[in-house]
Amino acid sequence: MSAPTSDNFSAFASLNRYFALIETSKPTMQQAEDAAALLCRIYGAANEEELLLQGNSELIDIYTEMKAKILKAAM
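Counted the way the UniProt record's numbering counts, the sequence shown spans residues 1 to 75.
Structure below.
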């Protein structure tokens, strides 16, 4: 299921703010988890489970790599 364009843009803008935040301070784990959820929305999924069920291995690999970077910043 594809998310509406405005929702994708909003998620992208919020994720961009997260990456700007990690350049100047350490995010909380909650902020990192929220950013990972935004990443799912950018890829058109409501949550991680839905994204993984899409079965697109390239998309899943990219998502997994980006999620790891997002969470690592909070550790």
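Where a beta carbon is used, it is the ideal one built from N, C-alpha and C, also for glycine.
Since the structure is predicted, the reported quantities are computational estimates derived from the model, not experimental observations.
Alpha carbon to alpha carbon, what distance is there between residue 39 and residue 31? 12 Å
Where does residue 49 fall in DSSP's three states? helix
Decide if residue 62 is buried, meaning its Cβ has at least 16 other Cβ atoms within 10 Å, or exposed. exposed
Quick check: what's the CA-CA separation for residue 35 versus residue 44? 14 Å
Count the other CB atoms within 10 Å of the CB of residue 53; is the residue buried (16 or more) or exposed (fewer)? exposed
Taking the alpha helix (DSSP H) that residue 20 belongs to, which residues open and close that run? From DSSP, the alpha helix (DSSP H) with residue 20 extends over 5-24.
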